[in-house]
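Numbering (this note's numbering), first residue to last: 5 to 247.
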């Protein structure tokens, strides 16, 4: 199996937009920009938001006009976990390998659930590697907005933690998949960064919400697809038997 990415409870990387000094008009402009860019780049498209009684199938695309007053991204729900009470549902267009190891793609609401459907042997991927989170998680609290990734499916290189030969020293090449969806994520992050700057907020990586694996694969644009690890898994490892 070539799906060597996982999804876990702790985010791989988190970006932080600090808007504590920004007024309501600026915050409304920011939310509008994020929603528009997320939909345009197919990385954050809101389908349902129970806290504001929003359903895209009934109401059409979510815009800032649905949010009055604007409380940044409180409407996504504090957990923003698929299926959790009062949490929103968002989707992204992602790429993965099908059961014949051929790259494919489609709308994904929970990469963890997707990975579970792709297990080469039932139960071979341990608990904790298929946790339920949206592809891109956006939450806010007291004027700070966090954009988090709980899956390394976006990264060009992964440790393949569920792989039978994983040693967390040598990395597996995930670049083929990352090239198919991560440029759109980076374009979205660029739009968000610009929106923050235009209203006088600050934008940075949230160190407390970012792990070492992702940190070295980041640059000023988002995720660095030119990154190369120090130690690489041999190609023969892809032929390992899963159990």
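Backbone N, C-alpha and C fix where the C-beta goes; we use that ideal spot for every residue, glycine too.
Consult DSSP for residue 107 and reduce its assignment to one of helix, strand or coil. strand
What residue from 148, 154, 167 has the CA that sits closest to residue 129's CA? 167
Can you round the beta-carbon distance between residue 196 and residue 41 to whole angstroms, since I take them to be within the 8 Å contact cut? 7 Å
With which residues is residue 222 paired in a DSSP beta bridge? 227
On the three-pair Cβ rule with 8 Å, is the stretch 136 to 144 touching the stretch 108 to 125? yes
Where in the stretch 180 to 213 do unbroken runs of the beta strand (DSSP E), each at least 3 residues long, occur, reported from the N-terminal end onward? 206 to 209
Should residue 100 go down as buried or exposed, given a rule of 16 or more other Cβ atoms within 10 Å for buried? buried
Does residue 63 come out as helix, strand or coil in the three-state DSSP assignment? Looking at residue 63 - three-state DSSP - the assignment turns out to be helix.
Exposed or buried, residue 173, counting other C-beta atoms within 10 Å across all chains shown (16 or more means buried)? Exposed: under 16 other Cβ atoms inside 10 Å.
Say whether the stretch 103 to 112 touches the stretch 140 to 149, bearing in mind that this needs 3 or more beta-carbon pairs closer than 8 Å, one atom from each stretch. no
Between which two residues does the beta strand (DSSP E) harbouring residue 53 extend? 49 to 53
Consult DSSP for residue 79 and reduce its assignment to one of helix, strand or coil. helix
Classify residue 200: buried if its beta carbon has 16 or more other beta carbons within 10 angstroms, exposed otherwise. buried
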